[in-house]
Amino acid sequence: MTDHEQARLTYLIILLIFVMCSFGFYYRKNLERITRHFLSWALIFIGLVTAYGFKDVLTAALFPQIGHQRGETFVYSKAGDGHFYLQLVVNGEKVKFLLDTGATNLVLNKKTAEKVGIDPNELSYNFKTYTANGISRSAKILIQEIKIGSLYDYDVAAMVAEGALFMPLLGMTFLSQFGEISINGDKLTLTK
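Under my numbering, the first residue of the sequence shown is numbered 85, with each subsequent residue one higher.
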């Protein structure tokens, strides 16, 4: 802190004390009530500042699929059902994905494909995919833009499942763009 800033801070503190003493003198009959109100507002202000300081952590706790970002590191919390869900922006639309390390590709269901501007009826489902539920058919697509936090990826290869897929899957081809992937307890950390 420079000398000028210290002088300014000292001046503001003296001014604040003067104003508070003036109010105290003027409202000396109600001083106890004024003090209570002042302390209440001070605690509210401190609480709001503290909550803002922990906004990333609070968001991750309340909405685990949103997670929080520090630089090029993303941290997600495990959901109540034991899975990790990640919210990405696909072609401008928010999409919730199930992290599936057993899946090779990023896979959309027909409903999500339609939501992000891909007509599932115009696709050719001529690729066999082997899943835990057996063999199914999928169509290869190219997603124009995917955003995770503040990072963008363009022209991303993906698939649209012909069968009933309950939600989009985030597979290893997308995850492989991260230099480090770690799961520690109930936290998933992705580092670019």
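Every residue gets a Cβ at the ideal spot worked out from N, C-alpha and C, and that includes glycine.
Within the DSSP bridge table, the entry for residue 171 names 180 as partners. Separation of the CB atoms of residue 243 and residue 220 is rounded to 10 Å, and the pair is thereby denied contact status at 8 Å. About 5 Å separates the CB atoms of residue 199 and residue 177; that is less than 8 Å, so the two are in contact. Taking the Cα of residue 267 as reference, the smallest distance to any Cα among 260, 159 and 201 is reached at 159. For the pair residue 182 and residue 208, the Cα-to-Cα distance works out to about 24 Å.
With at least 16 other beta carbons inside 10 angstroms of its own, residue 233 counts as buried. Under the 10 Å beta carbon count, residue 103 is surrounded by fewer than 16 other beta carbons and is classified as exposed. Under the three-state reduction of DSSP, residue 190 is assigned to coil, being neither helix nor strand. Taking a C-beta distance under 8 Å as the contact criterion, residue 245 and residue 257 do not qualify as a contact pair. Between residue 249 and residue 193 the beta-carbon gap is near 4 Å, inside 8 Å, which marks them as a contact. Beta-bridge annotation (DSSP): residue 264 is paired with 275.
Here residue 236 has 229 and 230 as same chain residues with Cβ atoms under 8 Å from its own Cβ, once five neighbours each way along the sequence are excluded. The alpha carbon of residue 253 has as its nearest neighbour, out of 167, 273 and 206, the alpha carbon of 167. Ranking 225, 274, 196 and 164 by CA distance to the CA of residue 173 puts 196 first. The Cβ atoms of residue 135 and residue 127 lie no closer than 8 Å to each other.
Taking a C-beta distance under 8 Å as the contact criterion, residue 201 and residue 217 do not qualify as a contact pair.
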